[in-house]
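> Right, I'll just put the structure down here and ask away after.
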Amino acid sequence: MGKLTEILKLAQTRGKALERPYLGELTPQEASDILHLAPGARIVDVRTRAEWDWVGRVAGAVEIEWNQYPGGVRNPNFVAELKRQIDPEALVMFLCRSGVRSVGAATAATEAGYNSCYNILEGFEGDKDANGHRNTIGGWRKAGLPWIQG
Numbered sequence: 004m005g006k007l008t009e010i011l012k013l014a015q016t017r018g019k020a021l022e023r024p025y026l027g028e029l030t031p032q033e034a035s036d037i038l039h040l041a042p043g044a045r046i047v048d049v050r051t052r053a054e055w056d057w058v059g060r061v062a063g064a065v066e067i068e069w070n071q072y073p074g075g076v077r078n079p080n081f082v083a084e085l086k087r088q089i090d091p092e093a094l095v096m097f098l099c100r101s102g103v104r105s106v107g108a109a110t111a112a113t114e115a116g117y118n119s120c121y122n123i124l125e126g127f128e129g130d131k132d133a134n135g136h137r138n139t140i141g142g143w144r145k146a147g148l149p150w151i152q153g
């Protein structure tokens, strides 16, 4: 069994355990590995424009706000923007700040006919630690994966 198949099977097992409607749950490192192993795989970063600009970006990710900034209102054009930018047959991995909004985005994409959707656990910054700080417990940046300042 190849490394890609191994990662996807593990992610699918996690997804089933959490009763997710999409294919599975990936760690940040697994998502990064998939980008290298699966040509055509895409990350869709669903954070806000402010987060991309002020916190940082994953180079090459497609950026589509799940909630709009300012105000936090759900982006009514999310699925339309996704369809315009991502092939429905692609392996799509959704990323947000801590892995919550991306669950909603992966679910919406699956409902819209995307059949290979995954959530990236921990998100870009991870959960807050005991001091209320992010980037110390989990997430893309904490894992030392490539990112750029906005």
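All residue numbers in the sequence shown are consecutive under our numbering, ending with 153. Note that beta-carbon positions come from the ideal geometry of N, C-alpha and C, so glycine has one too.
Quick one: residues in its chain with C-beta nearer than 6 Å to the C-beta of D130, no 5 flanking neighbours on either side, listed in chain order?
Taken in chain order, the residues that qualify are S101 and I140.
> Kindly indicate which residue of M96, G107 and R45 has the alpha-carbon position closest to the one of C120.
Answer by Cα proximity: M96.
> Using DSSP bridges, identify the partner residues of E28.
Its beta-bridge partners are N122.
> Among residues of its own chain, excluding the 5 on either side of N110, which ones have a beta-carbon nearer than 7 Å to its beta-carbon?
The sequence given here has Thr at residue 110, not Asn. Cβ within range, chain order: P24 and Y25.
> Determine whether the beta carbon atoms of G126 and C99 lie at a separation below 8 Å.
Yes.
> So what does DSSP say about L40, is it helix, strand or coil?
In the structure shown, L40 sits in a helix (DSSP, three-state: H, G or I).
> Compute the distance between the beta-carbons of L29 and A41, then report whether it is under 8 Å.
No, these two residues do not count as a Cβ contact at 8 Å.
> Please classify L157: is it buried, with 16 or more other beta-carbons within 10 angstroms of its beta-carbon, or exposed?
Past the edges of the chain, shown from 4 to 153, lies residue 157, and the structure says nothing about it.
> Give the range of the beta strand (DSSP E) segment to which D1 is assigned.
Lying before the first or after the last residue shown, residue 1 is absent from the chain, which here runs from 4 to 153.
> According to DSSP, is E66 helix, strand or coil?
The answer is strand: DSSP assigns E66 an E or B state.
> May I ask which residues mark the beginning and end of the alpha helix (DSSP H) holding E10?
Checking the sequence, you will find Ile at residue 10 rather than Glu. Residues K6 to A20.
> Taking 8 Å as the limit between beta carbons, can you name the residues of its chain near W150, skipping five residues before and five after?
G59, R60, V61, A62, F127, W143 and R144.
> Tell me I151's beta-bridge partners as DSSP assigns them.
R60, per the DSSP bridge assignment.
> With DSSP run on the structure shown, which of helix, strand or coil describes F81?
Here F81 sits in helix by DSSP.
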